[in-house]
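Below is one structure, written out as structure tokens; comments come after it.
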Amino acid sequence: MSTSRKTNRWPLCLFFNILNLTIVNAYVIHVSNAIRNGTKPMKRRPFALQMADDLMKPWLQERYQTVTLQRNLKLIIAEILKINDPQEGPSHDVPKTRKTCNICPAKKRRMTTTFCKGCKTPICREHMVSMCNLCSG
């Protein structure tokens, strides 16, 4: 298994080669430890995939906690992390400060205290149904 991709940028090529070396080195250490412990080592490809998952999960869990993350990304992360109810995240109350409407042109500078229930962006009464137009459609 290799992480290399076709690229014309030499720094990216160097990065992929370093990544391949670290995977091979980690696998050599894994095999050495498995032999020392008297257990059967994993095959190289499943080991590399498991290592990628183990490195990725803490970042995905941190990203899942982001309030402003798009709903479709949140659903994808919930599927990867096998979270049963992706709608239930940490409850963050939207502050009752006045902010400018995200949908109105900047020229109008409409201040509002209402926020979209889906994406938590500020929206004025003109653009509000119960969710902003971006979330409902």
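When we follow numbering that gives the first Met the number 0, the leftmost residue of the sequence shown carries the number 0, and every step to the right adds one.
Glycine is no exception: its CB is placed at the ideal position from the N, C-alpha and C atoms.
Computed from a predicted structure; not experimentally measured.
Taking only three categories from DSSP, how would you classify residue i?
i	result
Thr-21	helix
Lys-98	strand
Ser-90	Note that Ser-90 scores 42 on pLDDT, short of 50, meaning its location in the model is unreliable and no value can be drawn from it.
Met-110	strand
Pro-104	coil
With a CB to CB cut of under 8 Å and the five nearest residues on each side skipped, what residues in its chain are close to residue i?
i	result
Asn-101	Thr-120, Pro-121, Ile-122 and Cys-131
Cys-103	Arg-109, Cys-123, Glu-125 and His-126
Ser-3	Cys-12, Phe-15, Asn-16 and Asn-19
Thr-111	Arg-97, Lys-98, Thr-99, Cys-100, Pro-121, Ile-122, Cys-123 and Arg-124
His-29	Pro-40, Met-41 and Phe-46
Lys-107	Cys-100
Lys-5	none
Near residue i, what residues of its chain come up, given a Cβ to Cβ distance below 7 Å and the 5 sequence neighbours on each side ignored?
i	result
Ser-1	Asn-19
Leu-59	Ile-76, Ile-79 and Leu-80
Glu-87	Legend: pLDDT at Glu-87 = 45, less than 50; position of this residue unreliable, value from coordinates given subsequently. Excluding sequence neighbours, Glu-87 sits near nothing in its chain.
Short of 6 Å in beta carbon distance, which residues of its chain neighbour residue i, apart from the five on each side in sequence? Order them along the chain.
i	result
Ile-22	Ala-47
Arg-43	Tyr-26
Smallest Cα separation from residue i: which of the options?
i	options	result
Thr-96	Met-55, Ile-34, Lys-42 and Thr-113	Thr-113
Tyr-63	Lys-73, Ile-34, Lys-56 and Met-55	Lys-73
Thr-67	Arg-8, Cys-118, Thr-6 and Pro-10	Cys-118
Lys-56	Asn-71, Thr-38, Ile-82 and Lys-39	Ile-82
Met-50	Thr-6, Asn-24 and Arg-8	Asn-24
Name, in chain order, the residues that DSSP records as bridge partners for residue i.
i	result
Pro-57	Pro-57 is not bridged to any residue.
Ordered list of alpha helix (DSSP H) runs contained in the segment 1-51, each at least 4 residues:
9-36
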